[in-house]
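Be aware that the sequence shown starts at 1, since it is given in the numbering used here, and climbs by one per residue.
Every residue gets a Cβ at the ideal spot worked out from N, C-alpha and C, and that includes glycine.
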Amino acid sequence: MTLRTYVNLIKQNDLLKKNEHSLKVAKIAIEALLKLADRQHVKEESDLKAAKNKLKNLKLDQPSESKESVDLDLNPVSLEKLTNAIERAEKFLSYLKKYAGDDLETRLLAFEIDLRKQNHISLIKSLKSIKDVEQDPN
């Protein structure tokens with residue numbers, strides 16, 4: 001392969017990645033991963049509330065002499081899945097920022113990811129970039 005052929009191959013690859021359909025698929029993937037992370041978070045919260053209620057009921061119902069252990073069922077694997085879904089969404093976001101960084105939807109998705117990660121500095125940066133896009137007349 002000659003240098004000229006390689007350069008043409010790289011240019012074609014960049015054109016494919018900048019394609020509207022590729023960017024749309026990345027946006028859909030980020031939205032799906034964020035919904036998955038939200039569902040896992042809600043499920044974990046409900047599991048934690050149920051475990052706390054179970055513990056509370058056991059304390060009220062049983063005499064203090066009983067030494068029955070209560071399993072709170074805080075599964076670290078499910079907590080890892082939550083961060084993993086957000087990390088995967090970040091990978092797609094980096095792709096979007098590279099090829100569609102000026103797009104408003106890209107910046108909104110960045111805001112949503114930062115919101116779920118509770119990264120306040122990045123949230124402010126995302127809001128500022130969204131404001132800049134909205135003020136831009138183009």
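Each residue's CA atom was taken as its position, placing GLU90 and ILE113 some 7 Å apart. Here the alpha carbons of LYS35 and SER122 stand approximately 20 Å from one another. Taking LYS97 as the centre and dropping the five residues before and after it, the same chain places the C-beta of THR106 and ALA110 closer than 8 Å to its C-beta, in chain order.
Taken through DSSP and simplified to helix, strand or coil, GLN118 comes out as coil.
For LEU23 and LYS54, the gap between their C-alpha atoms comes out near 47 Å. Excluding five sequence positions before and after ARG39, none of the CB atoms of its chain fall closer than 6 Å to its own CB. DSSP, reduced to helix, strand and coil, places LYS128 within a helical segment of the structure shown. Per the coordinates, the alpha-carbon of LYS52 lies some 12 Å from the alpha-carbon of GLU44. When the five nearest sequence neighbours on each side are left out, the beta carbons in the same chain lying within less than 7 Å of the beta carbon of SER126 are those of ARG107, ALA110, PHE111 and ASP114, in order along the chain.
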